[in-house]
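Take a look at the structure below.
Number of protein chains: 2
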Amino acid sequence: MAKEIERKFLVDGDGWKDGAEKGVRLRQAYLLGAPDRSARVRLFDDTRARITLKFGSGAMSRDEFEYDVPLDDALDMIDHALGHVIDKTRYRVPAGDFVWEVDVYHGDLADLVVAEVELPSETATPHLPDWLGREVTGDRRYTNQALAETGVIPEEDG
Amino acid sequence: MAKEIERKFLVDGDGWKDGAEKGVRLRQAYLLGAPDRSARVRLFDDTRARITLKFGSGAMSRDEFEYDVPLDDALDMIDHALGHVIDKTRYRVPAGDFVWEVDVYHGDLADLVVAEVELPSETATPHLPDWLGREVTGDRRYTNQALAETGVIPEEDG
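Respectively, the protein sequence lines represent chains A and B. According to full-length UniProt numbering, the first sequence holds residues 1 to 158 in order. According to full-length UniProt numbering, the second sequence holds residues 1 to 158 in order.
Laid out in structure tokens, this is it:
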């Protein structure tokens, strides 16, 4: 089991592309969901696959279990998606002591770009690169689960 | 992926014990559930473990995906059980061309004994041993998921 502690931001501009490594295409579907837990299947470049079970409703910290599964199983499971299949490209962007993951969404969610950083503790204070926009840690609308449910980019307030 | 096609019966008397092989103690918990799908973790004799994802609401047939997981993960996951942890001993009982699985429940469900047979098709007609009681195929109250939710043996009608 892994503890997952992360902060999430919208991305403002293309500045992150300078430091980005080669992206990985991710297609993922929620298979089961409840307010405090979920099960997901994810394809990596359509060549390998993994399922993930997450528990806990903390905004920043959750118990997470991940297992590789045969690609054929994953393709069958994607047919059981709840809501929309999420399609995005994930880029690793090292910045200071941390590595950011920048997700560029495709399809109905195109133009949505979100950056996440995994932290060693809830009190860690990562340097925040200047291409970060508004923080959305704990904003449920920007979870992959909510994006899969709605299939649309959340409207900004105001 | 496996297709799961099965029939389920209550058990009447101890006749099944003559043909029974050594039992396996199963402890299992539902982690996520919806009317047409579920995720479960199961411990076998508390020495190995497996998670199972099931999809489909057909009474007899469902898509099923099973993966071995580390025992420590399974013990962590059982702490996230929805409802009650099911505790039972499963005996394989060969009879004619088929092998029945007889589940003897423990704890709050003690005295409940249920027999299941897996079939190659929905039209297969297994010989029904005389120790079988009422058929409960498709009776949701006797699913492990419902038993885990309620923690009590369903009351018989009439």
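All C-beta atoms in this analysis are idealised placements derived from N, C-alpha and C, irrespective of residue type, glycine included.
Quiz item: What are the complete beta strand (DSSP E) segments, minimum 3 residues, inside the stretch 18 to 69 of chain B?
Solution: 24 to 34, 37 to 44, 48 to 55, 61 to 69
Quiz item: For residue 63 of chain B, does the count of other Cβ atoms within 10 angstroms reach 16, so buried, or fall short, so exposed?
Solution: buried
Quiz item: To the nearest angstrom, how far is it from the Cα of residue 50 of chain A to the Cα of residue 74 of chain A?
Solution: 8 Å
Practice problem: Would you kindly work out how many angstroms separate the C-alpha atoms of residue 29 of chain A and residue 81 of chain A, rounded to a whole number? | Solution: 5 Å
Practice problem: Compare the C-beta of residue 69 of chain A with all C-beta atoms of chain B and state if any pair is closer than 9 Å. | Solution: yes
Quiz item: For residue 57 of chain A and chain B, any beta-carbon pair shorter than 9 Å?
Solution: Output row for residue 57 of chain A: interface = no.
Exercise. For the alpha helix (DSSP H) containing residue 202 of chain A, list its first residue and its last residue.
Key: Lying before the first or after the last residue shown, residue 202 of chain A is absent from chain A, which here runs from 1 to 158.
Practice problem: Give the C-beta separation of residue 103 of chain B and residue 90 of chain B to the nearest angstrom, bearing in mind that I take them to be a contact with Cβ-Cβ under 8 Å. | Solution: 5 Å
Quiz item: Any chance the stretch 38 to 50 of chain B sits against the stretch 95 to 115 of chain B, with 3 or more Cβ pairs inside 8 Å?
Solution: no
Quiz item: Got a sec, what are the start and stop residues for the alpha helix (DSSP H) residue 150 of chain B sits in?
Solution: 144 to 150
Exercise. For residue 41 of chain A, count neighbouring Cβ atoms within 10 angstroms of its own Cβ and tell me buried if that reaches 16, exposed if not.
Key: buried
Practice problem: Give me the Cβ distance between residue 84 of chain A and residue 39 of chain A, rounded to the nearest whole Å; I'm assuming they're in contact under 8 Å. | Solution: Contact doesn't hold; Cβ gap of about 16 Å is too wide.
Quiz prompt | Bridge partner(s) assigned by DSSP for residue 101 of chain A | solution = Under DSSP, residue 101 of chain A forms a beta bridge with A:92, A:116.
Quiz prompt | Nonlocal neighbours in the same chain, by C-beta distance under 6 Å from residue 144 of chain A, ignoring five residues either side | solution = Cβ neighbours of residue 144 of chain A beyond the five flanking positions: 86.
Quiz item: Per the contact definition of three or more C-beta pairs closer than 8 Å, is the stretch 92 to 100 of chain B in contact with the stretch 11 to 21 of chain B?
Solution: yes
Exercise. Give the secondary structure of residue 153 of chain B by DSSP, where H, G and I count as helix, E and B as strand, and everything else as coil.
Key: coil
Practice problem: Mind checking which residues open and close the alpha helix (DSSP H) that includes residue 71 of chain A? | Solution: 71 to 78
Quiz prompt | Within chain A, the residues that residue 34 of chain B reaches when beta carbons sit closer than 8 Å | solution = 32
Quiz item: Relative to the C-alpha of residue 106 of chain B, which residue among B:88, B:27, B:120, B:69 is closest?
Solution: B:88
Self-check item: Collapsed DSSP secondary structure at residue 109 of chain A in the structure displayed
Solution: In the three-state reduction of the DSSP assignment, residue 109 of chain A falls in the helix class.
Quiz prompt | Status (buried if at least 16 other CB within 10 Å, exposed otherwise) for residue 8 of chain A | solution = buried
Quiz item: Taking only beta-carbon atoms, is residue 37 of chain B less than 9 Å away from chain A?
Solution: yes
Quiz item: Do residue 43 of chain A and residue 71 of chain A have their C-beta atoms within less than 9 Å of each other?
Solution: yes
Self-check item: Partner residues on chain A for residue 80 of chain B, Cβ-Cβ distance less than 9 Å
Solution: 36, 37, 53, 55, 56, 63
Quiz item: Using a C-beta cutoff of 9 Å, does residue 46 of chain B count as contacting chain A?
Solution: no
Self-check item: Alpha carbon of residue 5 of chain B to alpha carbon of residue 52 of chain B, nearest angstrom
Solution: Spanning the two alpha carbons is a distance of roughly 15 Å.
Quiz item: Which one of A:120, A:151, A:78, A:108 has the shortest CA to CA distance from residue 98 of chain A?
Solution: Among A:120, A:151, A:78, A:108, the Cα nearest to that of residue 98 of chain A belongs to A:120.
Quiz item: In chain B, which residues lie less than 9 Å from residue 139 of chain A when you measure between Cβ atoms?
Solution: Those within 9 Å of residue 139 of chain A in chain B number zero; the least Cβ separation is about 23 Å.
Quiz item: For residue 15 of chain B, does the three-state DSSP call read helix, strand or coil?
Solution: Three-state DSSP puts residue 15 of chain B in a helix.
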